[in-house]
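Colleague: Numbering (the numbering used here), first residue to last: 295 to 466.
All C-beta atoms, glycine included, are put in the ideal place defined by N, C-alpha and C.
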(Lines of atoms letter the chains of each structure in order from A and count residues from 1; the text may use other names and numbers.)
(Lines give C-alpha, C1' and ligand atoms only; values in the text may rest on other atoms or scores of the structure.)
Protein backbone atom coordinates (compact mmCIF):
# COMPACT_ATOMS: atom_id res chain seq x y z
CA UNK A 1 0.00 0.00 0.00
CA UNK A 2 1.29 3.42 -0.90
CA UNK A 3 1.71 6.11 1.69
CA UNK A 4 0.99 9.75 1.06
CA UNK A 5 0.58 10.96 -2.51
CA UNK A 6 1.88 14.43 -3.28
CA UNK A 7 1.09 16.61 -6.27
CA UNK A 8 3.93 18.71 -7.60
CA UNK A 9 4.57 20.77 -10.73
CA UNK A 10 5.72 18.86 -13.80
CA UNK A 11 9.39 19.38 -14.69
CA UNK A 12 11.13 18.69 -18.00
CA UNK A 13 13.00 15.67 -16.64
CA UNK A 14 9.64 13.94 -16.00
CA UNK A 15 8.75 13.80 -19.71
CA UNK A 16 10.03 10.29 -20.57
CA UNK A 17 8.29 8.73 -17.54
CA UNK A 18 5.06 10.60 -18.29
CA UNK A 19 5.19 9.45 -21.90
CA UNK A 20 5.44 5.86 -20.69
CA UNK A 21 2.55 6.30 -18.23
CA UNK A 22 0.32 7.70 -20.99
CA UNK A 23 1.13 4.69 -23.18
CA UNK A 24 0.45 2.23 -20.34
CA UNK A 25 -2.83 3.97 -19.47
CA UNK A 26 -4.13 3.64 -23.05
CA UNK A 27 -3.97 -0.17 -22.82
CA UNK A 28 -7.37 -0.25 -21.10
CA UNK A 29 -9.00 0.84 -24.38
CA UNK A 30 -8.32 -2.65 -25.76
CA UNK A 31 -11.34 -3.87 -23.75
CA UNK A 32 -13.67 -1.66 -25.85
CA UNK A 33 -13.71 -3.00 -29.43
CA UNK A 34 -14.70 0.30 -31.08
CA UNK A 35 -11.86 2.11 -29.25
CA UNK A 36 -9.22 -0.66 -29.18
CA UNK A 37 -7.18 1.19 -31.82
CA UNK A 38 -6.44 3.93 -29.27
CA UNK A 39 -4.07 1.55 -27.47
CA UNK A 40 -2.01 1.30 -30.66
CA UNK A 41 -1.57 5.03 -31.26
CA UNK A 42 1.98 6.39 -31.07
CA UNK A 43 3.22 7.60 -27.68
CA UNK A 44 2.42 11.15 -26.64
CA UNK A 45 5.20 13.24 -28.17
CA UNK A 46 7.80 14.37 -25.65
CA UNK A 47 7.37 17.90 -27.01
CA UNK A 48 3.80 17.98 -25.65
CA UNK A 49 5.15 17.51 -22.13
CA UNK A 50 8.02 19.91 -22.70
CA UNK A 51 5.84 22.69 -24.13
CA UNK A 52 3.03 22.48 -21.60
CA UNK A 53 2.73 22.81 -17.90
CA UNK A 54 1.03 20.54 -15.47
CA UNK A 55 1.16 18.40 -12.41
CA UNK A 56 2.63 15.07 -11.36
CA UNK A 57 1.31 12.70 -8.67
CA UNK A 58 4.12 11.07 -6.75
CA UNK A 59 4.32 8.60 -3.87
CA UNK A 60 7.52 7.38 -2.24
CA UNK A 61 9.53 8.84 -5.14
CA UNK A 62 7.48 7.04 -7.80
CA UNK A 63 5.45 8.98 -10.37
CA UNK A 64 1.92 7.55 -10.48
CA UNK A 65 0.23 9.95 -12.87
CA UNK A 66 0.17 13.36 -14.45
CA UNK A 67 -2.05 16.11 -15.80
CA UNK A 68 -0.75 18.15 -18.74
CA UNK A 69 -2.28 21.58 -19.33
CA UNK A 70 -1.86 24.55 -21.64
CA UNK A 71 -3.64 27.85 -22.27
CA UNK A 72 -6.05 27.62 -25.22
CA UNK A 73 -8.14 30.62 -26.24
CA UNK A 74 -9.10 32.18 -22.86
CA UNK A 75 -9.26 28.93 -20.89
CA UNK A 76 -6.95 26.28 -19.49
CA UNK A 77 -6.99 23.13 -21.60
CA UNK A 78 -6.43 19.77 -19.91
CA UNK A 79 -4.42 18.15 -22.69
CA UNK A 80 -3.81 14.80 -21.01
CA UNK A 81 -4.46 13.15 -17.66
CA UNK A 82 -3.15 9.65 -17.09
CA UNK A 83 -2.36 7.35 -14.19
CA UNK A 84 -0.38 4.15 -14.02
CA UNK A 85 -2.70 1.17 -14.43
CA UNK A 86 -1.70 -0.17 -11.01
CA UNK A 87 -2.74 3.16 -9.45
CA UNK A 88 -6.28 3.03 -10.89
CA UNK A 89 -8.95 3.49 -8.23
CA UNK A 90 -6.60 5.10 -5.71
CA UNK A 91 -7.89 8.65 -6.18
CA UNK A 92 -4.79 9.80 -8.07
CA UNK A 93 -6.78 11.12 -11.05
CA UNK A 94 -9.14 12.98 -8.70
CA UNK A 95 -6.22 14.60 -6.87
CA UNK A 96 -4.63 15.64 -10.15
CA UNK A 97 -7.90 17.06 -11.49
CA UNK A 98 -8.50 19.00 -8.27
CA UNK A 99 -5.00 20.49 -8.59
CA UNK A 100 -5.65 21.43 -12.22
CA UNK A 101 -8.83 23.24 -11.16
CA UNK A 102 -7.29 25.07 -8.20
CA UNK A 103 -4.15 25.87 -10.21
CA UNK A 104 -6.28 27.28 -13.02
CA UNK A 105 -8.07 29.58 -10.58
CA UNK A 106 -4.75 30.69 -9.05
CA UNK A 107 -3.44 31.47 -12.55
CA UNK A 108 -6.47 33.60 -13.43
CA UNK A 109 -8.40 31.17 -15.62
CA UNK A 110 -12.12 30.88 -15.01
CA UNK A 111 -12.65 27.73 -17.10
CA UNK A 112 -10.92 24.39 -17.66
CA UNK A 113 -11.78 22.54 -20.87
CA UNK A 114 -10.84 19.18 -22.35
CA UNK A 115 -11.68 16.74 -25.11
CA UNK A 116 -12.43 13.12 -24.30
CA UNK A 117 -14.30 10.03 -25.37
CA UNK A 118 -18.00 10.09 -24.52
CA UNK A 119 -18.52 6.61 -23.15
CA UNK A 120 -15.66 4.84 -21.34
CA UNK A 121 -16.30 5.25 -17.61
CA UNK A 122 -12.84 6.76 -17.08
CA UNK A 123 -13.47 9.42 -19.77
CA UNK A 124 -16.61 11.54 -20.27
CA UNK A 125 -18.62 9.98 -17.41
CA UNK A 126 -15.71 10.44 -14.99
CA UNK A 127 -15.28 14.13 -15.86
CA UNK A 128 -19.03 14.76 -15.64
CA UNK A 129 -18.93 13.46 -12.05
CA UNK A 130 -16.68 16.44 -11.32
CA UNK A 131 -19.03 18.98 -12.88
CA UNK A 132 -17.74 19.09 -16.46
CA UNK A 133 -20.44 19.73 -19.05
CA UNK A 134 -20.50 19.69 -22.87
CA UNK A 135 -19.28 22.92 -24.45
CA UNK A 136 -21.79 24.59 -26.73
CA UNK A 137 -20.44 24.78 -30.26
CA UNK A 138 -20.84 28.57 -30.30
CA UNK A 139 -18.55 28.80 -27.24
CA UNK A 140 -15.65 26.92 -28.84
CA UNK A 141 -12.83 29.33 -29.64
CA UNK A 142 -10.51 29.05 -32.66
CA UNK A 143 -7.65 27.28 -30.86
CA UNK A 144 -9.93 24.68 -29.27
CA UNK A 145 -11.68 24.21 -32.62
CA UNK A 146 -8.27 23.49 -34.20
CA UNK A 147 -7.53 20.86 -31.52
CA UNK A 148 -10.91 19.21 -32.11
CA UNK A 149 -10.34 19.24 -35.88
CA UNK A 150 -6.85 17.76 -35.53
CA UNK A 151 -8.17 14.99 -33.25
CA UNK A 152 -10.98 14.32 -35.73
CA UNK A 153 -8.40 13.29 -38.31
CA UNK A 154 -7.52 10.15 -36.32
CA UNK A 155 -10.35 9.75 -33.76
CA UNK A 156 -14.03 9.29 -34.62
CA UNK A 157 -15.69 12.66 -33.85
CA UNK A 158 -18.92 10.83 -32.98
CA UNK A 159 -17.08 9.12 -30.10
CA UNK A 160 -15.60 12.39 -28.79
CA UNK A 161 -16.83 15.39 -26.84
CA UNK A 162 -15.50 18.69 -25.58
CA UNK A 163 -16.27 19.41 -21.94
CA UNK A 164 -15.63 22.37 -19.66
CA UNK A 165 -16.10 23.47 -16.10
CA UNK A 166 -15.89 26.86 -14.50
CA UNK A 167 -13.26 26.82 -11.79
CA UNK A 168 -15.47 29.01 -9.61
CA UNK A 169 -17.57 25.85 -9.19
CA UNK A 170 -14.89 24.32 -6.93
CA UNK A 171 -16.53 23.28 -3.70
CA UNK A 172 -20.03 24.01 -4.96
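1. Measure the C-alpha to C-alpha separation of residue 435 and residue 374 and round it to an integer number of angstroms.
2. Using the three-state DSSP reduction, which class does residue 377 fall into: helix, strand or coil?
3. Are residue 405 and residue 369 closer than 8 Å when you measure CB to CB?
4. Just to confirm, are residue 418 and residue 424 a CB contact at a threshold of 8 Å?
5. If I measure Cβ to Cβ from residue 388 and keep anything under 8 Å in the same chain, skipping five residues before and after, which residues do I get?
6. Spatial neighbours of residue 384 within its chain, please: CB distance less than 6 Å, with the 5 preceding and 5 following residues excluded, ordered by chain position.
7. For residue 320 and residue 332, which I take to be in contact (beta-carbon distance under 8 Å), what is that distance rounded to the nearest angstrom?
8. Identify the residues that DSSP records as bridge partners of residue 332: which are they?
9. What residues in its chain sit with their C-beta under 8 Å from that of residue 455, if we drop five residues either side in the sequence?
10. Would you kindly work out how many angstroms separate the C-alpha atoms of residue 303 and residue 378, rounded to a whole number?
11. When the distance is taken between beta carbons, is residue 354 closer than 8 Å to residue 422?
12. Since residue 461 and residue 399 are thought to touch, with beta carbons under 8 Å apart, how far apart are those beta carbons, to the nearest angstrom?
13. Give the straight-line distance between the Cα atoms of residue 386 and residue 458, rounded to the nearest whole angstrom.
14. If we ignore side chains and look at the alpha-carbon of each, how far apart do residue 445 and residue 453 end up?
15. Of the residues 439, 414, 376, 299, which one's Cα is nearest the Cα of residue 330?
16. Whole alpha helix (DSSP H) runs in the stretch 407–446 with 4 or more residues, listed along the chain?
Modeller: For this structure:
1. 19 Å
2. strand
3. yes
4. no
5. 424
6. none
7. 6 Å
8. In the DSSP output, where bridge partners are listed per residue, residue 332 has none listed.
9. 409, 410, 411, 412, 418, 428
10. 18 Å
11. no
12. 4 Å
13. 20 Å
14. 11 Å
15. 414
16. 418–423, 436–446
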